[in-house]
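Top line first, the protein sequences correspond to chains D and C. Here the first sequence is numbered in numbering that gives the first Met the number 0, starting from 0 and rising by one per residue. Here the second sequence is numbered in numbering that gives the first Met the number 0, starting from 0 and rising by one per residue.
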Amino acid sequence: MSQVQIDELDRQLIDILSKDARISNRKIAADLGVTEGTVRGRIRRLQNDRLIAFTAITSFELADNTKMAFIGVQADFGRVNEIADTIAKLPAIDAVMITMGRFNIQAFCLFSELDRLHEIASEEILSIDGVHHVESSIAVKTLKYNARIVKITDS
Amino acid sequence: MNGNFEIDDIDVSIIAELREDGRASNQQIASKLGLTAATVSARIKRMEDADKLRVVAVSDFSAHGYNLLIQVAVEVDGRASSEVAADLAKLPEVFAVHQVTGRYDIDMLIAVRDYDELKHVMLERLAGIRGIRSMLPAIATAIPKYKFDVAPIEARDAS
């Protein structure tokens, strides 16, 4: 993961926008004591550098898939990148990390019913060529979770 | 908050537009969906006021200097796993904590800048939490995807 340089003003901008992205540049500029042009320019740079993205987060009450599971995957080492990308493309999967550990891929998914989790782990993932083993573990209670810090990718 | 909050197809389509670009203006969204800007604005406000929706900037791990992400499965012994999980959740370096089913009791994600910080987490923070029997770490070497559209939504600060 590469090093990025952001300064205090960037951090303040990120802090403000992570609470509410629809606040106007004018209001942000006034709050931070800088010009609107500075705010606009900084936001554009942070977006272009893929350090921030603007999106909507909805509460669990509005979602169909309210349960979370962790799926550990053991896959061919030589093809782990390609297999992780294939898993990341599955619509049910919200996060994928290539890991050094007991599993070489960790996937996270949100699901509705146990049947569906089984389908995701033991059908969709396990049937990918090069995947040898999957193990799921279901989150029964979430104590801490930050949807504001993510991996920003092209798609 | 009561559980009767309902959204319709228009709300769903507005949310979809905001997921793509949270900073699209009400007018841009309205034109795309064949609505008026006032309707878009009112719909968004209704969902935000009910704490069902937040339109936000999400930031990349790298923007925070988190160069090292480690997922850790924690085995608990001699203490309720909920208590250990609550202690873990208080640590600033611990990014996510879930109580889980299976071989381990807790799944957590540690986000730190470097190995010195990890040493601090290990020796100063985790060492002080009673009930951790063992930990199975998985070091994230690449993250093809990490983004959740759904989250618990906290009420806005009165400001």
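Here a beta-carbon is modelled for each residue, glycine too, at the ideal position from N, C-alpha and C. Owing to the predicted nature of the structure, the values given are computational and were not obtained by experimental measurement.
For residue j and residue i, the rounded distance between their alpha carbons
i: LEU68 of chain C; j: GLY33 of chain C; result: 44 Å
i: ALA62 of chain D; j: ASN3 of chain C; result: 14 Å
i: GLU16 of chain C; j: ALA29 of chain C; result: 10 Å
i: GLU123 of chain D; j: HIS131 of chain D; result: 13 Å
i: PHE78 of chain C; j: ILE128 of chain C; result: According to the sequence shown, residue 78 of chain C is Arg rather than Phe. Near 10 Å, if we compare the C-alpha coordinates of ILE128 of chain C and ARG78 of chain C.
i: GLY55 of chain D; j: GLN26 of chain C; result: Note that residue 55 of chain D corresponds to Ala in the displayed sequence, not to Gly. Cα-Cα distance, rounded: 17 Å.
i: GLU112 of chain D; j: ALA138 of chain D; result: 13 Å
i: ILE86 of chain D; j: ALA106 of chain D; result: 8 Å
i: SER163 of chain C; j: VAL57 of chain C; result: Outside the modelled stretch of chain C, which goes from 0 to 158, sits residue 163 of chain C, for which no answer is possible.
i: ILE9 of chain C; j: ASN24 of chain D; result: 27 Å
i: PHE110 of chain D; j: ILE92 of chain D; result: 9 Å
i: GLY57 of chain D; j: HIS97 of chain C; result: Per the sequence shown, residue 57 of chain D should be read as Thr rather than Gly. Taking the straight line from one Cα to the other gives about 20 Å.
i: SER40 of chain C; j: ASP30 of chain D; result: 23 Å
i: VAL38 of chain D; j: GLU7 of chain D; result: 13 Å
i: LEU12 of chain D; j: LYS31 of chain C; result: 28 Å
i: VAL79 of chain D; j: GLU5 of chain C; result: 42 Å
i: GLU19 of chain C; j: VAL72 of chain D; result: 30 Å
i: ALA23 of chain C; j: PHE147 of chain C; result: 20 Å
i: ALA150 of chain C; j: ARG147 of chain D; result: 9 Å
i: ILE13 of chain C; j: CYS108 of chain D; result: 24 Å
i: ASP48 of chain D; j: ASP59 of chain C; result: 10 Å
i: ARG101 of chain D; j: ALA28 of chain D; result: 48 Å
i: LEU161 of chain C; j: ASP115 of chain C; result: What is shown of chain C runs 0 to 158, which leaves residue 161 of chain C out entirely.
i: LEU90 of chain C; j: GLU118 of chain D; result: 35 Å
i: SER156 of chain D; j: ASP113 of chain C; result: A query on residue 156 of chain D cannot be resolved here, the shown segment of chain D reaching from 0 to 154 and no further.
i: VAL120 of chain C; j: ALA139 of chain C; result: 17 Å
i: GLY64 of chain C; j: ASP14 of chain D; result: 15 Å
i: ASP76 of chain C; j: TYR103 of chain C; result: 11 Å
i: ALA20 of chain D; j: ILE82 of chain D; result: 34 Å
i: ASP128 of chain D; j: ASP75 of chain D; result: 9 Å
i: ARG41 of chain D; j: LEU16 of chain D; result: 12 Å
i: ARG44 of chain D; j: ALA154 of chain C; result: 30 Å
i: ASN225 of chain D; j: MET46 of chain C; result: Because chain D is modelled from 0 through 154, residue 225 of chain D falls outside the range shown and cannot be assessed.
i: LYS88 of chain D; j: ALA94 of chain D; result: 10 Å
i: ASP84 of chain D; j: PRO143 of chain C; result: 6 Å
i: VAL33 of chain D; j: ARG10 of chain D; result: 14 Å
i: SER126 of chain D; j: VAL99 of chain C; result: 25 Å
i: ASN103 of chain D; j: VAL71 of chain C; result: 14 Å
i: ALA52 of chain D; j: VAL55 of chain C; result: 8 Å
i: VAL3 of chain D; j: LEU117 of chain C; result: 20 Å
i: THR152 of chain D; j: GLN46 of chain D; result: 11 Å
i: ILE116 of chain D; j: VAL11 of chain C; result: Here residue 116 of chain D is Leu; the residue named in the question, Ile, does not match the sequence. LEU116 of chain D and VAL11 of chain C: Cα-Cα distance of roughly 24 Å.
Assumed close pair residue i, residue j - CB separation to whole angstroms, cut-off 8 Å
i: MET158 of chain D; j: ALA137 of chain C; result: Since the displayed chain D opens at 0 and closes at 154, residue 158 of chain D lies outside it and no answer follows.
i: MET96 of chain D; j: TYR145 of chain C; result: 7 Å
i: ILE70 of chain D; j: VAL149 of chain D; result: That pair is no contact at about 19 Å.
i: GLY130 of chain C; j: SER136 of chain D; result: In fact, because the Cβ distance is near 19 Å, the residues do not count as touching under 8 Å.
i: ILE105 of chain C; j: SER80 of chain C; result: 6 Å
i: LYS143 of chain D; j: VAL93 of chain C; result: 7 Å
i: ILE152 of chain C; j: LYS44 of chain C; result: Not confirmed; about 15 Å, so no contact.
i: ASN145 of chain D; j: ALA95 of chain C; result: 7 Å
i: ILE22 of chain D; j: ALA62 of chain C; result: Not quite, the Cβ-Cβ distance comes to about 19 Å (not below 8 Å), so this is no contact.
The ligand GTP heavy atom lying under 7 Å from the CB of residue i
i: ASP8 of chain C; result: Looking at this structure, you won't find the ligand GTP or any other ligand, since it has none at all.
Entirely enclosed beta strand (DSSP E) segments - the stretch 31-110 of chain D, minimum 3 residues
For the stretch 31-110 of chain D, whole beta strand (DSSP E) runs of length 3 or above, ordered along the chain, are 51-57, 66-74, 92-99 and 104-110.
Residues of the stretch 110-136 of chain D with a CB closer than 9 Å to any CB of chain C: list them in chain order, please.
Cβ contacts with chain C come from GLU134, SER135 and SER136.
If you pair each beta-carbon of the stretch 33-44 of chain C with each one of the stretch 76-90 of chain C, do three or more pairs fall below 8 Å?
no
For the stretch 80-97 of chain D, list every residue whose C-beta sits within 9 Å of some C-beta in chain C, in sequence order.
ASN80, ALA83, ASP84, ILE86, ALA87, LYS88, ILE92, ASP93, ALA94, VAL95, MET96 and ILE97
Check distances from the C-beta atoms of the stretch 17-29 of chain D to those of chain C and list, in chain order, the residues that come in under 8 Å.
SER17, LYS18, ASP19, ALA20 and ARG21
Check each residue of the stretch 118-132 of chain C: if its Cβ is closer than 8 Å to any Cβ of chain D, include it; give the result in chain order.
Listed by position along the chain: nothing, the set is empty.
For the stretch 50-64 of chain C, list every residue whose C-beta sits within 7 Å of some C-beta in chain D, in sequence order.
ASP50, LYS51, LEU52, ARG53, VAL54, VAL55, ALA56, VAL57, SER58, ASP59, PHE60, SER61, ALA62 and HIS63
Closer than 9 Å between beta carbons: that is the criterion. Which residues of the stretch 93-104 of chain C meet it against chain D?
VAL93, PHE94, ALA95, VAL96, HIS97, GLN98, VAL99, THR100, GLY101, ARG102 and TYR103
Any C-beta of chain C within less than 7 Å: which residues of the stretch 33-64 of chain D qualify?
The residues in question are ARG49, LEU50, ILE51, ALA52, PHE53, THR54, ALA55, ILE56, THR57, SER58, PHE59, GLU60, LEU61 and ALA62.
If you measure beta-carbon to beta-carbon, which residues of the stretch 25-44 of chain C are closer than 8 Å to chain D?
Taking a C-beta cut-off of 8 Å against chain D, the contacting residues of the stretch 25-44 of chain C are ILE43, listed in chain order.
Run through the stretch 97-124 of chain C for me and flag every whole beta strand (DSSP E) of 3 or more residues, listed as ranges in chain order.
105-111
Could you pull out every unbroken alpha helix (DSSP H) segment of at least 4 residues lying fully inside the stretch 30-103 of chain C, listed in chain order?
Within the stretch 30-103 of chain C, the complete alpha helix (DSSP H) runs of at least 4 residues are 36-48 and 80-88.
Taking a cut of 9 Å between CB atoms, which residues from the stretch 64-75 of chain D lie near chain C?
ASN64, THR65, MET67, ALA68, PHE69 and GLY71
Taking a Cβ distance cut-off of 7 Å, strictly less, list which residues of the stretch 7-21 of chain C are near chain D, in chain order.
So the close ones are ILE14, LEU17, ARG18, ASP20 and GLY21.
With 8 Å as the limit, tell me which residues of the stretch 134-147 of chain C have their beta carbon closer than that to any beta carbon of chain D; keep them in chain order.
Close to chain D, meaning a Cβ-Cβ distance shorter than 8 Å, are the following residues of the stretch 134-147 of chain C: LEU135, PRO136, ALA137, ILE138, ALA139, THR140, ALA141, ILE142, PRO143, LYS144, TYR145, LYS146 and PHE147.
Residues of the stretch 98-109 of chain D with a CB closer than 7 Å to any CB of chain C: list them in chain order, please.
Hits within the stretch, in order: THR98, MET99, GLY100, ARG101, PHE102, GLN105 and LEU109.
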